[in-house]
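Student: Residue numbers (this note's numbering): 762 to 1012. Structure in structure tokens, see below.
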Amino acid sequence: MPIPEDVTGDEIDKDVRQELQSLPKTLAEDVARNLVMVARLLDEDPEAAYGYSKVALRLASRVAAVREAGGFAAYANQKYGEALAEFRAARRMTGSVELWPVMADCERGLGRPEKALDMAGAPEVHKLDKAGQVEMRLVAAGARRDMGQLDAAIVTLQSPELASNSVQPWTARLRYAYADALLAAGRDREAREWFAKAVESDRDGSTDASDRLAELDGVEFTDALDERESDGESSAAEHEDEDQAGDDEKA
């Protein structure tokens, strides 16, 4: 797959670069450039990112960072079985538990929420950092909702991290998930309160909490372009009516 000339491979994380040192220099550079493309395109063009990840895997499948990148690219394309296999391979190579929450979410994607809940109660969770533990809580709550256990999902999300006034990278998503679960349970008033809190903490626009809050408040947004087009059509119709009236008078 074509790679822009400005992509050198030096853009990758230093830890990944260190992993690639086990490869011949030219091969390491090719793999690095493909990994850069995966990272660049993962959000805006997941299908293209997946294509670059397959190239990297073909070149260096024994590198943990490559298997991890392949896992995230497959995950972004909802290829959960493939993603899980890649994540498991990366974990075997590194021994790290960092991927545990996303592995559990793959189980959800495969229609196995019970397995995701088993993973949420596994010893590996205690080895996760705070961000990983919050992510695991989100996955567990999602699994409860998959199983129709709304009240259990709400309880799962109730935590010190949710109650804290401190804004962390995960705060907006945690508050949003809690608000959404409350809304699904018919607790609209509480849901509105937590969507508002999610808006306050969503500094990078990672959720659509503001839209959900507006929807609960009955606010309707009208596209300005549509309004202008509508006004133009109304004006044209008025002119037609005036012209017709003038013709009738002349007659």
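Built from N, CA and C at the ideal position, the CB exists for glycine as well.
Can you confirm whether the segment 764-778 touches the segment 796-812 when touching is taken to mean that 3 or more C-beta pairs between the two stretches lie within less than 8 Å?
Tutor: These segments touch.
Student: Might you give, ordered along the chain, the residues of its own chain that have their beta carbon closer than 8 Å to the beta carbon of C867, omitting 5 neighbours on each side?
Tutor: Here the set comprises Y836, Y841, G842, A844, L845 and F848.
Student: Please give the ranges of any alpha helix (DSSP H) in the segment 930-969, keeping only runs that are unbroken, at least 4 residues long and fully inside the region.
Tutor: Listed in chain order, the complete alpha helix (DSSP H) runs (minimum 4 residues) inside the segment 930-969 are 932-945 and 949-962.
Student: Among D806, R823, L802 and G812, which has the Cα closest to the Cα of S783?
Tutor: Nearest of D806, R823, L802 and G812 to S783, Cα basis: R823.
Student: Give the secondary structure of N795 by DSSP, where H, G and I count as helix, E and B as strand, and everything else as coil.
Tutor: Here N795 sits in helix by DSSP.
Student: Determine whether the beta carbon atoms of P874 and M897 lie at a separation below 7 Å.
Tutor: No, Cβ-Cβ distance for P874 and M897 is not below 7 Å.
Student: Determine the extent of the alpha helix (DSSP H) in which T917 is found, giving its start and end residues.
Tutor: Counting along the chain, the alpha helix (DSSP H) containing T917 begins and ends at L911 to L918.
Student: Looking at C-beta atoms only, is the number of pairs between the segment 916-928 and the segment 944-951 that lie closer than 8 Å three or more?
Tutor: Touching, no.
Student: Cutting at 7 Å between CB atoms, please list the residues of its own chain near A913, excluding the five before and the five after it.
Tutor: Contacts found: R905.
Student: Using the rule of at least 16 other Cβ atoms within 10 Å of the residue's Cβ for burial, across every protein chain shown, is Q779 buried or exposed?
Tutor: The residue is exposed, with fewer than 16 neighbouring Cβ atoms inside 10 Å.
Student: Whose CA, out of Y939, Y937, E859 and Q839, lies closest to the CA of P807?
Tutor: P807 has its Cα closest to that of Q839, out of Y939, Y937, E859 and Q839.
Student: Can you look up D890 in the DSSP assignment and give me helix, strand or coil?
Tutor: If DSSP states are grouped into helix, strand and coil, D890 belongs with coil.
Student: Suppose you measure from the CA of V886 to the CA of M880; what does that come to, to the nearest Å?
Tutor: Computed Cα separation, rounded: 8 Å.
Student: Suppose you measure from the CA of A892 to the CA of W861; what does that come to, to the nearest Å?
Tutor: When rounded, the distance between both Cα atoms is 12 Å.
Student: Kindly indicate which residue of V777, A970 and G979 has the alpha-carbon position closest to the one of T855.
Tutor: Nearest option by C-alpha distance: V777.
Student: Let me confirm a value: D767 is counted as buried when at least 16 other C-beta atoms fall within 10 Å, else exposed. Which label applies?
Tutor: The residue is exposed, with fewer than 16 neighbouring Cβ atoms inside 10 Å.
Student: Taking 7 Å as the cut-off, decide whether the C-beta atoms of A970 and D978 are in contact.
Tutor: Not in contact: A970 and D978 (Cβ atoms no closer than 7 Å).
Student: Where does M762 fall in DSSP's three states?
Tutor: In the structure shown, M762 sits in coil (DSSP, three-state: anything other than H, G, I, E or B).
Student: Find out if the Cβ-Cβ distance for the pair A817, V827 is shorter than 7 Å.
Tutor: For A817 and V827, yes; Cβs fall inside 7 Å.
Student: Mind checking which residues open and close the alpha helix (DSSP H) that includes E780?
Tutor: Run containing E780: K775 to E780, per the alpha helix (DSSP H) assignment.
Student: With the cut-off set at 7 Å, would you say L781 and A789 are in Cβ contact?
Tutor: Their beta carbons are under 7 Å apart, which means L781 touches A789 by this criterion.
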